[in-house]
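Inspection log for the structure reproduced underneath, given as structure tokens.
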Amino acid sequence: MTDELQTLTTELGELQQLIDEYKNQAPGEAIGTRSLRPVPAIVQALPAVGPSDDTPRNCWDQKHGQVRIRVAQHVEPFFVNCDQKERDGGWLVIAYRFDGSEDFNRDWQNYKAGFGSLNSEFFIGLEKLSLLTNSDNYELLVIMRSKTREQRFALYDHFSIGSESEKYLLYVLGPYKGDAGDSLRYHAGKKFTTFDQDNDDNGQNCARTHAGAWWYGRECFESNLFGTFQSKYGQEIGYFKGILWKSFVPGPTGSLSYVRMLIRPTKKAQT
């Protein structure tokens with residue numbers, strides 16, 4: 001039992017004794033002078049409890065697969081995909097692309113809310129991603145595969161994005177390690193752009209130019225994991241319009257065939 005609960009139990013016992021004394025006292029008799037904090041103080045000492053207490057905040061120590069989480073008391077629970085097999089587990093999948101079944105060239109509201117299916121291709125949504133990455137210190141893992149099935153990864157030890165009022169800017173991006181190259185660094189500090197909301201510093205809307213939303217900058221991008229999926233090897237899909245990570249699959253044509261973006265709290269104890 002925690003110290004708070006022990007204190008509460010003691011005080012409630014004292015309160016019950018005081019009530020019993022009151023019931024048994026003679027008319028006009030003073031109640032015993034036992035030291036007791038007022039009821040409001042006891043109520044204030046109650047730990048925060050509620051129906052969400054048993055709902056996990058992230059994917060640490062959860063099953064592999066779909067899990068219902070609740071980031072904070074004021075946030076409605078939602079389902080996520082947890083990965084317990086990759087790099088010691090605890091990962092929450094925020095984006096998954098592998099067959100081109102989902103169109104990623106979508107508007108602002110779609111990217112804010114998220115789209116797709118947890119059983120197939122999807123994006124979790126910028127609003128949920130902002131809530132998650134500001135509830136704890138998160139790291140980001142990007143796993144990608146070329147059309148020749150060569151797989152590489154990029155790992156960043158800190159990752160967070162801003163709120164909608166900040167245009168979901170890529171707020172923090174920690175040091176990189178991996179074998180894919182650091183093609184996300186350029187995008188740190190950049191705001192999110194969709195074809196219907198231009199927040200980049202380029203003279204044109206980079207999301208329109210490159211057929212997909214992303215954290216674009218003045219030179220548009222060094223990576224774009226929300227570009228157009230290339231369904232067949234050698235298929236031409238347009239100039240720098242594919243799913244690209246320039247230090248691995250540079251373009252101008254072609255595309256990655258597989259991408260997963262995953263996040264997890266950097267410290268397992270913070271669950």
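Heads up, the sequence shown is in UniProt numbering, so the first residue is 1 and it goes up one at a time.
All C-beta atoms in this analysis are idealised placements derived from N, C-alpha and C, irrespective of residue type, glycine included.
| Item | Value |
| --- | --- |
| Alpha carbon of residue 40 to alpha carbon of residue 72, nearest angstrom | Here residue 40 scores only 46 on pLDDT, less than 50, and its place in the model should not be relied on; the value that follows carries that caveat. The alpha-carbon atoms of residue 40 and residue 72 are separated by roughly 25 Å. |
| Nearest-angstrom beta carbon gap, residue 177 and residue 216 [assumed within contact, 8 Å] | So it is not a contact: roughly 25 Å between Cβ atoms. |
| Among 243, 268 and 200, the one whose alpha carbon lies nearest that of residue 258 | 243 |
| Nearest-angstrom beta carbon gap, residue 241 and residue 222 [assumed within contact, 8 Å] | That pair is no contact at about 15 Å. |
| Beta carbon of residue 262 nearer than 8 Å to that of residue 141 | yes |
| For residue 150 and residue 113, the rounded distance between their alpha carbons | 32 Å |
| Reference residue 121, options 94, 211 and 166, closest by Cα | 94 |
| Selection from 97, 104, 105 and 64 that minimises the alpha carbon distance to residue 86 | 64 |
| Pairwise C-alpha distance: residue 123 and residue 77 | 17 Å |
| Run of the beta strand (DSSP E) containing residue 151, from where it starts to where it stops | 151-156 |
| Distance between beta carbons of residue 143 and residue 153, contact taken as under 8 Å | 5 Å |
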